[in-house]
Structure formats: structure tokens, C-alpha cells
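A.B. asks: Below you will find the structure I want to go over with you.
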DNA sequence: CCCGCCTTCTTCATCGATGAAGCACGCGAG
DNA sequence: CTCGCGTGCTTCATCGATGAAGAAGGCGGG
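Residue numbers (the numbering used here), protein chains in the order written: chain A, 1 to 368; chain B, 1001 to 1368.
Structure (C-alpha cells):
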């Protein structure tokens, strides 16, 4: 049998027992300066005796208009977020801002059922929301905006899109993905590579069939991060006089090593074989490296591989990548939200710095 | 100037605008079957027009008596939790139970100020709590129990201690640390080692001066996990006829590589030099391995090193360790809590399996 | 033609607290 | 003696919703 949990007492009951008003009991807990020390002690003692657990935070939150927690909603659910070290680093950053402020961190559950996914945002008992990395047309963001709570967006959509969605001025935190992507592509082109290939994670929320995609599809991606990184690679390629249409771009689903491995297999099967692989994330690159090992390709002798993020694993792999301050992004987002909640202006949204990190997986193009 | 956020409308206001009762508007959102489709549409349209964000989850939560979120309180604050891969894996596990149930996960903030630390537990707007890995006498647990909410404890305190604290029958999730520790110590003894040393993380919540500690201090540890792992090592040592008093035990603070490195330095400075190092966690072992590299000791030629946890990094280091199902512990704890909330009985608390994983950091004792 | 039931909506009370304002008393100043 | 004011506690209204129970109309069955 489920053990019958005794209903916790209420302020009112304690008040009756002590013989004072409910408000006085409330003050005994929340505003000790509002009553004499003696009475306060008497109230607290009675509360203890009755097993009163203290003011119900839910009711207090309703009355006060704040509950002391901020929510984080992530494009993919929690299960995915905890699997991706970059997503965890972002959470760690948000936590590092929330914790000193005494604010809790509510992780909003995801769901494969769109209705439940949105309901979770609507039901989150929080003072404000951080929405991270969702597609331009994701109803999740619309639901978050509809809450009417202070809101901060990480990575995507971009500020222009937020304005179009009726939320202009929403603080945004991210990096200049396009410029950063151009930098890493430029690095490879400078090394003499002329046959590039790309392994990309999702471009749209909808399920896809992994495979090569053309420029039109790339430009139509609703994930701004994906779109911009691809555009950055293209910028660099064009600058070097390369025909972008000739660059195979593999479109996988999630940002996982498995997808990276499949993507590498796909683009390496094209003829002529690419000499440089641009991966949109380090996790994809990790999978790509697995594929090269399996195929017996030397890195960087036969093939250069670059990632994106500079995840914790990147250094160990010797991966050339783009470093972006993931944890700092989370911290900045959390802080911006807390600033909004406090009515402080907070600094204007600005892209954080990102930069190329050259390690050992990239080298000169092989002599053709 | 802080942009003046318009007060969101209320159910009541929508009701007046539509010309129906508040309850009908409520039903339009929460119980569509309770009113005609036509009226429902009219209500929703008006709500949209007025910019009504939908029923306030806080108020609904108060009335319904549940908010759809479970809280997780961790001994050390969030900042530490996110730094420790084992703690993250535990969170991932809890999330993997909460998410399919549509439940949010509230991470309770820690604080160096004891009062704020407790207040955070009292203020958490949740339906139930998971308290993870706190000391036997930690007021945090008392505060959690005082909330009167469904509660699940991970790792420590142990069930007997929970009963003593007035919370008998509280579901507990963990492993048999003592037996597991005995197994890894036994492994080293079987390899012929006779000069063991131990590097331990915290034994008490209070700040300590790191250094070697005697058996009396070990037995008095208020962290049950620490106490039991040390007891397990001792069990194995005694079984092999070793005098435990001769085994140097280093007591550091947190479970970090830095502490592990300092601990290894300390115990390796004792004479005669130990040939086997038992570390209470993989993170400590990671630091110990750093120390051995610096000291020019061959592992396992000169020194065997064992960890505990089988963290994600352990395989890469070739670390012999104890595998415990950390993520599964989190999942089980989350599920047990959800079962309590649903009034389901739930399986009785039972220790999850843990077992020795032998890799390459342990080998035969060097010929003396 | 009447009854009972279902659908659709309403009324009423309530979840558990706190902000704002008010009253009574005691005390020091004028 | 009286006024003014701070202290200590109370009263009142309110935060925004939802459960339980009830009332009006429509409809099929006997």
C-alpha cells in the first residue's frame, strides 16, 4: 500500500495553535524583523511540534510572483543533451550563473510528441527561460515567447529572426558561426586543399534521410547555426576560387559520432576523393576519424579532418577545430536572464569570440 | 530602461471578454472535452487576441497540488556536479526517468552559506526530491525530510541512517561499496602486493587539512560511501593478513585529479614506498597517474593504481577500477520517486550490482 | 406526456501564502 | 498633558487557477 503521506500543516493551522494571525506566522519565517524574538521563537517551536514544513514555496511563489528558478529548454530532449558534452558544458555555464544567485535550474523535458514538447514549456514553473539552439520555425520558441516571461536565446535562432517572431530585443548569446567556419575552411585551403567535403548535422527539425544535399537545400536550412557554418565554408571556398557546387555536403541527423562516421563514408566515396573533411561539430569529426581509421587512411597524410566546438575530447584527438566558449555562452545566457529578472539593463547581446585551433588532424594537401 | 513587461492577462479577463465563466475558459485549455468545440475555439481565439499566455502553471500547480517537476539536491553545489563526469552521469540517469514521464528536473542550487544551502531545498518548487550523496549528519537531508515530500536518496546516507533520521522506508539507491572496495583491494593483494596505500576523498563535510589519517578517523567518517569503501579495503587487507594500521591513507577534500595528485605524492613519500595505490574514485586515480608520470614511476611495473566508478575516462586511461552503474542509479532513483508520486508501490530498494574491471594500471607486485 | 440522462456551462469554495494598510500601545519630546 | 512616532501585530484583499457540485436545456425511451 502506498504509505499515506500526512497532509503537511498550513500556516493557518500554526497560527491557530499559537493564537496569532496567519500573517504573524508568515513573518516568523520570512521576515524575522517584523515580530518580537520571543513570539517568533514560540511560533517556530509550535511549527516544529506540529510538523509544519515551513511556508509552501508554491503558494509563496504565486503570491510573490517569483519562484526562484530559471528554465532551460533545449532543442533536443534532456536525454540527448546529457549525451552531448557540448550541451552539458552549456548547462554547466547556465548553472554557474544561477547558483550564486540562489536560483534553481529547471530542465524542461523534451518529447517526441510535439504537443507534449510544447506543453512542457507552458507548464514550466519558472521565472524566466533560456531557449537553446532551436530551429527558426520551431513552435517551441513560439511557446516560450507566448509565456511572456523574460527570455534569452542561445545560438539560434538569430536576433533578426527573433525580431521577426515578435520578440525583438530578446538577448541572444552565440558566436559568429559564419566567420568561424570560414576561418577553419580557409585554414585548409591555405594548406593547399582543393577537394573539400563537409559532414553536417541537422538542417531542419523534420526527420531526414541522411545523404548528400545541394546548395539550395543548404541555404534553406532552418537551423541557423547549420546554415551559417555551411555559408562560412562556402565563403572561404569561393574566395579561393573553388566551385562550391562541386563540394559534397553530407546531411546527417544528430551531432553524433555515428552520424559523423556515416557521413565520412559517404563523402569519401565520391570521386575524386576529398582531401579535407569539414565537420560541423567535434562529435561528427570524432566519428569521421573512426571511419578514416577503418578505411586505413592516414590523418593528415591522406586526409585532413577539422571539427567545430573544441569540445573536451578534441585535444585528446589532436583535432583541429574552432574553439567556441560553450560554458561561457551558458554563463552569459544565465546572467542575461537574471539581469532581466532583476530589472537590470544588462549588456547588449554580442557575439562571443571564437577562433581556430590548429592541431594535428590537418596538414598539407597530399601531392595529387 | 528595463522594457516594461506587460502583465500577462488572467483567465478571468478572458472569461469576461468572451462572456463565459472563468471555469469554462479553464476547461477550454485543460479539459477540451468539457465544452463544445465551437465555444472552445472562440475562447482560444479571444485568448490569443488578448495575448493571454495560457493558464499560469504556478497557480494551477497550487490548486492541483503538483507542479510536474522533481528536484535534485547534490551534496556539493551545481558547479561541482557539472565538473564531475560521474555526477553528470547520475543527473543524466535521473533525467532519463523524468523525461518520458513529462516531468521537469529542478537542479537545486548549492551555496557555501549553510543557511542559503538549506533555504534552497525549502524553496524548491517540486513534487518530490532526490537527495544525492550527502553526509550522515548533513542538515540538507534533514531539510529535505522536513519538506514532507516524497524523497529518494542516492548513495548516502545508508538506509539504516535514514531510518534513524525519522525517514524509514525512504527508497535508497546505491551499490555495496564495501564489497566492491574489498574486491578491488583483493585483486591487488592477489597480485602479490603487500604495501598498499589509499587516496581518499572527503570523510566529513567540514573543511579539512589534507593529510594522512588513522583508522579511528576513518571509521568516524560521516560520509558513508567513504567509510564503507575504506572498510572494504581493510576487510581485504585483514583477510590477507595485512596490518591495516600500516597502510597510509590520504584524506583529501573533493574528488578531483588535483587532490589525487597531491594524495599520491603524499603516500608515495612514505617509507617503504607502496607498490599499489587504491583511489576512492577514478578522478582521484587520474591525478595519481599524473603524479606517477611526473615521478617517473612505471605503471604497473613500479606501482599499480586502481580507481573506483568506471567513469567515462577510465577506459582511455587503462584504469583498473570498480564499475558501478552510475547512470542506472540515477534512472532508478528518478523512477522510484515517480513511482512514489504516482502512488505506485515500486520495487523495494536494493543495491545495484558493481564489479571489478581489470585493465592495465594494475599488475604483479614488483620483486622487492 | 413525463422521466431520466447527457451535454454544456455555472457557481462556490478552496489551494496556501503575502503585500498593503491599519490599529493599539508605549515612550520620549515639547 | 498631549502629540508624534516606532514597534508589534492584525485585518483585508489578493495572487490565478481548478475540483466538486449544481442548474438549464435537449433528446430518446417508455
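Built from N, CA and C at the ideal position, the CB exists for glycine as well.
Would you mind sorting residue 23 of chain A into buried or exposed? The rule is 16 or more other CB atoms within 10 Å of its CB.
C.D. replies: Flag for residue 23 of chain A reads exposed.
A.B. asks: Between which two residues does the alpha helix (DSSP H) containing residue 263 of chain A stretch?
C.D. replies: That run of the alpha helix (DSSP H) goes 257-268.
A.B. asks: Is DSSP giving residue 1254 of chain B helix, strand or coil here?
C.D. replies: Residue state, collapsed to three classes: coil.
A.B. asks: Hey, is the region 1237-1246 of chain B in contact with the region 1259-1269 of chain B, meaning 3+ C-beta pairs nearer than 8 Å?
C.D. replies: Cβ pair count under 8 Å is below three, so no.
A.B. asks: Relative to the alpha-carbon of residue 1018 of chain B, which residue among B:1135, B:1033, B:1041, B:1008 has its alpha-carbon at the smallest distance?
C.D. replies: For the residues B:1135, B:1033, B:1041, B:1008, the minimum Cα distance to residue 1018 of chain B belongs to B:1041.
A.B. asks: Residues in the same chain with beta-carbon distance under 6 Å from residue 1182 of chain B, minus the five sequence neighbours each way, listed in chain order, please.
C.D. replies: Contacts found: 1232, 1235, 1236.
A.B. asks: Please classify residue 1132 of chain B: does DSSP put it in a helix, a strand, or coil?
C.D. replies: Strand.
A.B. asks: Give a yes or no on whether the minimum CB-CB distance between residue 37 of chain A and chain B is below 8 Å.
C.D. replies: No - not a single Cβ of chain B is within 8 Å of the one on residue 37 of chain A.
A.B. asks: So residue 144 of chain A and residue 129 of chain A are in contact, right, with Cβ under 8 Å, and what is the actual spacing, rounded?
C.D. replies: Sure, about 5 Å apart at Cβ, within 8 Å.
A.B. asks: Determine the direct distance from the alpha carbon of residue 281 of chain A to that of residue 1270 of chain B, and round the result to whole angstroms.
C.D. replies: Between residue 1270 of chain B and residue 281 of chain A, the C-alpha separation is close to 47 Å.
A.B. asks: Scan the region 275-347 of chain A and note each continuous beta strand (DSSP E) run of 3 residues or more that stays entirely inside, going in chain order.
C.D. replies: Those beta strand (DSSP E) runs which fall completely within the region 275-347 of chain A and span 3+ residues are 276-279, 304-306, 321-323.
A.B. asks: Three-state secondary structure (DSSP) at residue 145 of chain A?
C.D. replies: If DSSP states are grouped into helix, strand and coil, residue 145 of chain A belongs with the helices.
A.B. asks: For a test of the three-state rule: what should DSSP assign to residue 1074 of chain B, helix, strand or coil?
C.D. replies: Reduced to three states, the DSSP call for residue 1074 of chain B is strand.
A.B. asks: Between the Cα of residue 1132 of chain B and those of B:1141, B:1350, B:1036, spot the shortest distance and give me the residue it belongs to.
C.D. replies: When each option's Cα is compared against that of residue 1132 of chain B, the closest is B:1141.
A.B. asks: The beta strand (DSSP E) spanning residue 1365 of chain B covers which residue range?
C.D. replies: Note, residue 1365 of chain B: premise wrong, no beta strand (DSSP E); not H, not E.
A.B. asks: Counting only Cβ-Cβ distances shorter than 7 Å, please list the residues of the region 64-89 of chain A near chain B, keeping chain order.
C.D. replies: So the list reads 67, 68, 69, 77, 78, 79, 82, 88, given in the order they occur along the chain.
A.B. asks: Residues in its own chain within less than 6 Å of residue 74 of chain A by CB, not counting five upstream and five downstream?
C.D. replies: Cβ within range, chain order: 81, 132.
A.B. asks: Return the CA-CA distance between residue 57 of chain A and residue 99 of chain A, expressed in angstroms with no decimal places.
C.D. replies: Distance between the alpha carbons of residue 57 of chain A and residue 99 of chain A: 18 Å.
A.B. asks: State the DSSP-derived secondary structure class of residue 1067 of chain B, mapped to helix, strand or coil.
C.D. replies: Residue 1067 of chain B: coil per DSSP, three-state reduction.
A.B. asks: Relative to the C-alpha of residue 195 of chain A, which candidate in A:34, A:361, A:247, A:325 has its C-alpha closest?
C.D. replies: Answer by Cα proximity: A:247.
A.B. asks: Check whether chain B comes within 8 Å of residue 139 of chain A, counting only Cβ atoms and requiring the distance to be less than that.
C.D. replies: No, residue 139 of chain A does not count as interfacial toward chain B.
A.B. asks: Find the residues of chain B that neighbour residue 146 of chain A, judging by a C-beta separation of less than 8 Å, and give them in chain order.
C.D. replies: In chain order: 1053, 1054.
A.B. asks: Quick check: what's the CA-CA separation for residue 172 of chain A versus residue 346 of chain A?
C.D. replies: Near 12 Å, if we compare the C-alpha coordinates of residue 346 of chain A and residue 172 of chain A.
A.B. asks: Mind pulling the chain A residues with CB within less than 7 Å of residue 1108 of chain B?
C.D. replies: Result: 104.
A.B. asks: Check whether the Cβ atoms of residue 89 of chain A and residue 326 of chain A lie closer than 8 Å to each other.
C.D. replies: Result yes, Cβ atoms of residue 89 of chain A and residue 326 of chain A sit closer than 8 Å.
A.B. asks: How many Å lie between residue 2 of chain A and residue 1253 of chain B at the Cα?
C.D. replies: Confidence in residue 2 of chain A is poor, its pLDDT being 41 and thus under 50, which makes the residue's placement unreliable; the coordinate value appears in the next sentence. Using only the alpha carbons, I get a separation of about 40 Å.
A.B. asks: Got a sec? Which residues, its chain only, sit under 8 Å from residue 1020 of chain B by beta carbon, not counting five neighbours each side?
C.D. replies: For residue 1020 of chain B, where only same-chain residues beyond five positions count, the Cβ hits under 8 Å are 1039, 1043.
A.B. asks: For residue 943 of chain B, report the span of its beta strand (DSSP E) as first-last.
C.D. replies: Because chain B is modelled from 1001 through 1368, residue 943 of chain B falls outside the range shown and cannot be assessed.
A.B. asks: Would you say residue 1002 of chain B reaches chain A, if we count a Cβ-Cβ gap shorter than 8 Å as a contact?
C.D. replies: In this predicted model, residue 1002 of chain B has a pLDDT of only 41, less than 50, meaning its place in the structure is not dependable; the value taken from the coordinates is given anyway. Output row for residue 1002 of chain B: interface = yes.
A.B. asks: Rounded to the nearest angstrom, how far is the Cβ of residue 1225 of chain B from that of residue 1156 of chain B, given a contact under 8 Å?
C.D. replies: So it is a contact: roughly 5 Å between Cβ atoms.
A.B. asks: Does residue 3 of chain A come out as helix, strand or coil in the three-state DSSP assignment?
C.D. replies: Only weak support exists for where residue 3 of chain A lies, its pLDDT of 46 falling under 50; the coordinates are left without a value.
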